Every structure is written in C-alpha cells, then in structure tokens.
Amino acid sequence: MMNAHSRPACPVTASRRLDSSPIAVGRFPLRIACLGEARYLDGDPTSCSYEAPRIFELAHADTLAGAIAAIERLARQDRLFIRDDSAIGFKARLFIVRDDDDCQVLAGEPDADGIRWCEPVASDGEARFVVAQACRLRAAATGKAEADLNAEARALRFSASVLEGRLVHAVWREAARAALPRAA
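The numbers in numbering that gives the first Met the number 0 rise by one with no breaks, and the one at position 122 of the sequence shown is 121.
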C-alpha cells in the first residue's frame, strides 16, 4: 500500500511508437552499469592479489538504442574505465541498464562475439520462475562458500546474476524485446 509520500515503482511516463505499436516506457536517462570482478592487491607482499565482485556505473544513454550501442562498444574494449583507483584490473561479467526510477531495462553478458543479451521475461509468471531459479543458485553458492569453495560460489552467484538479467521490468519488456539485436 502506498502512502502520500511514496510513488509507484517504475511509473509509466511516456508512450513511444516502434514498428507501429505503442510501447510504454519508464523514465530517462538510462544508466549503464557493469557487474564484474575487480582485482586488488592484498597488501601483504607475500601474497598476490584477490578478486571481489563489484558493480560500476559506466555511462548514460538518452534512448534504448543508444544504451544498446554503448554496451556493444564497451563490450569490445580491452579495458573498462572504472572509478576505483585501488583496483588493478576489472573483468566485466554483466552489463545492466536501469532507468531513472531504477527499473531494469535490459542486461547482457560479454562474450567473444561482443555481447549476449539476456532475453527479457515474457510475463510476471516467468519472472517468478526466474527468481526461484536464481534463489536456488544463490543458495547453492552459499553452500559452496561455507565449504570454502569460494571460486565455485562466485561462479554460481554470477550465474544467478546473469539469470536475473532477464528480469526486465514490465514497462520495458516489449520495448527491450523490440530493440534487442537479433542473431542472423
């Protein structure tokens, strides 16, 4: 229930037309972030370095097509500029686009060909199924971490994050599906 000071999550603020069909969209600008692994020096001269999951905001876009183009450009770069002077490296794992209301617009995983887009869920029921799968992966990751299998735990958490990349907010689903490049 909303009180007088709250606003609805991801309100529809504009109507756009794409391929002759109306598409409700959230708020602009779109924020492009990247979830990945930052590498840090341990501080102990006898040990090397360690990795930690981090998320960094990288860019903004005024359109969905602009966000897709920016991510494709970022995915091709050898090194991403991140705002962390203490990191000695960063490996991108998942690009995420959110609107001005913090609603997920789309996500994609970098791969050898540039970017592999996460297919947006088609319905709220499918979203619930994806959430349940991601929860199972995160529970398995917790078990691996408790067994001191940290690399396996980290891999399971990233798999859950990639799966959650499909959780495009309902106001963006149609627009995201229409805008995503299709494999030839």
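Each residue gets a CB set at the ideal place from its N, CA and C atoms; glycine is no exception.
If you're wondering where the values come from, they're calculated on a predicted model, not measured in any experiment.
Sequence-distant residues of its chain with Cβ nearer than 7 Å to residue 6 (five each side left out): Sequence index remark: in the sequence shown, residue 6 carries index 7 (1-based). Confidence at residue 6 is low in this model, with a pLDDT of 39, below 50, so the placement of that residue should be treated as unreliable; the coordinate-derived value is given next. Correct list: empty, nothing qualifies.
Short Cβ contact (8 Å threshold) for residue 87 with residue 34: Against the sequence shown, residue 87 aligns to sequence position 88. Against the sequence shown, residue 34 aligns to sequence position 35. No, Cβ-Cβ distance for residue 87 and residue 34 is not below 8 Å.
Three or more C-beta pairs closer than 8 Å, one from the stretch 94 to 111 and one from the stretch 130 to 146: is that the case here? No contact exists between the stretch 94 to 111 and the stretch 130 to 146.
Would you grab the beta carbon distance between residue 51 and residue 36 for me? Rounded to a whole angstrom, and I think it's under 8 Å. Residue mapping note: residue 51 aligns to position 52 of the sequence shown, counting from 1. Residue mapping note: residue 36 aligns to position 37 of the sequence shown, counting from 1. Confirmed, Cβ separation roughly 7 Å.
Going straight from the alpha carbon of residue 169 to that of residue 119, what length do you get? As a working note, residue 169 is residue 170 in the sequence shown. As a working note, residue 119 is residue 120 in the sequence shown. C-alpha separation (whole angstroms): 9 Å.
Just to confirm my understanding: we take residue 165, look at its own chain, exclude 5 residues before and 5 after, and list those with CB closer than 7 Å. What are they? As a working note, residue 165 is residue 166 in the sequence shown. Taken in chain order, the residues that qualify are 117, 118, 119, 120 and 129.
Assign residue 73 to one of two classes, buried (16 or more other C-beta atoms within 10 Å of its C-beta) or exposed (fewer than that). Working through the sequence shown from its first residue, we reach residue 73 at position 74. Taking every protein chain shown into account, the CB of residue 73 has 16 or more other CB atoms within 10 angstroms, so this residue is buried.
Can you tell which of 145, 100 and 107 has its C-alpha closest to the C-alpha of residue 75? To locate residue 75, count along the sequence shown from 1; it is residue 76. The residue with the shortest Cα to Cα distance from residue 75 is 107.
How big is the Cα-Cα spacing for residue 151 and residue 56? As a first step, residue 151 must be located in the sequence shown, where it is residue number 152. As a first step, residue 56 must be located in the sequence shown, where it is residue number 57. In this structure, the alpha-carbon of residue 151 lies about 26 Å from that of residue 56.
Classification of residue 102 by the beta-carbon crowding that lies within 10 angstroms, buried from 16 upward: Here the question's residue 102 lines up with position 103 in the sequence shown. It is buried - the Cβ of residue 102 has at least 16 other Cβ atoms within 10 Å.
Hey, residue 60 and residue 109: beta-carbon distance below 8 Å or not? On the sequence shown, position 61 is the one that residue 60 refers to. On the sequence shown, position 110 is the one that residue 109 refers to. Cβ atoms of residue 60 and residue 109: not closer than 8 Å.
Could you check what DSSP says for residue 123 in three-state terms: helix, strand or coil? Mapped onto the sequence shown, residue 123 falls at position 124. Here residue 123 carries a helix assignment [DSSP, helix/strand/coil].
Where residue 184 falls, given that 16 or more other Cβ within 10 Å makes a residue buried: Residue 184 falls outside the range modelled here, since the chain spans only 0 to 183, and no answer is possible.
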